[in-house]
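To start, the structure itself, in structure tokens.
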Amino acid sequence: AQRVTQPEKLLSVFKGAPVELKCNYSYSGSPELFWYVQYSRQRLQLLLRHISRESIKGFTADLNKGETSFHLKKPFAQEEDSAMYYCALRDAGGTSYGKLTFGQGTILTVHP
Amino acid sequence: ETGVTQSPTHLIKTRGQQVTLRCSSQSGHNTVSWYQQALGQGPQFIFQYYREEENGRGNFPPRFSGLQFPNYSSELNVNALELDDSALYLCASSSGRNSYEQYFGPGTRLTVT
């Protein structure tokens, strides 16, 4: 069974500080990992996926298969980064491509 | 481009009743997924519909059923409501069953009393 764990429910940092949101997963197949974000009063939306290996809004995430982790990082947090962040996994090699398994989410608050 | 819409926004039902939730997918999308999000939890996959057929199901009992229509809009039906069904129900559409990006609606908040 696939599982995604986000150990921190809440994370607070000050503006300009580095931030790292942790995500660990368990899955024996070929996982595809994502970070979704939900800003206040907005919908859940895709932030980035591990395959693209790009930086979005200054955030990056590297898939570490050895540690089964996909931590989200940003070197200098901004107040507008305050949001709920969800790590999600899908089975890239299975038949239910649409099934996303989400972690419990981390609320990031960036203080001025 | 029209985004994903869901109706109603909120509703309150009594235990044992039945409920139908509706979702209109984003223009050009033929795949709809439904998720249940309990308070303080991440969304949990219920099922996905692709071109009017169920294409994958999560760990939910048969009293959770769905439909997808020729215009790719969708319904989620829940029979014999239980208190634990109280949650935010999210619909997400994508441009294909293999598409990696899902576009979420605002959700329907269901309260079962």
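Chains as they are written, first to last, in the numbering used here: chain A, 278 to 389; chain B, 104 to 216. We put the beta carbon where it would ideally sit given N, CA and C, even for glycine.
Listed by position along chain B, the residues whose Cβ is nearer than 7 Å to that of Q279(A) form an empty set, because the closest Cβ is around 10 Å away. The alpha-carbon separation between L288(A) and E357(A) amounts to approximately 14 Å.
Where E178(B) is concerned, the enclosing beta strand (DSSP E) starts and stops at 177-181. Rounded to the nearest whole angstrom, the CA to CA distance from L213(B) to T337(A) is 35 Å. Look at Y206(B): its C-beta is under 9 Å from a C-beta on chain A. The segment 191-201 of chain B and the segment 130-144 of chain B touch, with three or more beta-carbon pairs separated by less than 8 Å. Residues of chain B whose Cβ lies closer than 8 Å to the Cβ of Y304(A) do not exist, since the nearest Cβ in that chain is about 14 Å away. Per DSSP, the beta-bridge partners of N301(A) are T282(A), S346(A).
Of all alpha-carbon atoms in A141(B), S168(B), T112(B), F148(B), the one lying nearest the alpha-carbon of N162(B) is that of F148(B). Pairwise C-beta distances place the segment 333-351 of chain A in contact with the segment 295-315 of chain A, as three or more of them are shorter than 8 Å. Secondary structure at L377(A): coil, using DSSP grouped into helix, strand and coil.
In this structure, V387(A) lies near Q355(A), with their beta-carbon atoms less than 9 Å apart. Chain A has a Cβ within less than 9 Å of the Cβ of Q147(B). A Cβ-Cβ distance of about 5 Å is found for the pair P146(B) and F379(A), placing them in contact under the 8 Å criterion.
Boundaries of the beta strand (DSSP E) around A195(B): 190-197. By the C-beta density criterion, Y316(A) is exposed, having fewer than 16 other C-beta atoms within 10 angstroms. If you draw a straight line from the Cα of G293(A) to the Cα of P389(A), it comes to about 9 Å.
Contact check for V122(B) against L184(B) passes: the beta carbons are separated by less than 9 Å.
Under the 9 Å criterion on CB atoms, F336(A) is classed as non-interfacial with respect to chain B. When secondary structure is reduced to three states using DSSP, E356(A) falls in the helix class.
Assignment of D339(A) by DSSP, reduced to helix, strand and coil, places it in the coil class.
For chain A, the residues of the segment 148-163 of chain B that bring a beta carbon within less than 7 Å of one of its beta carbons are F148, Q151, N158, G159, G161, in chain order.
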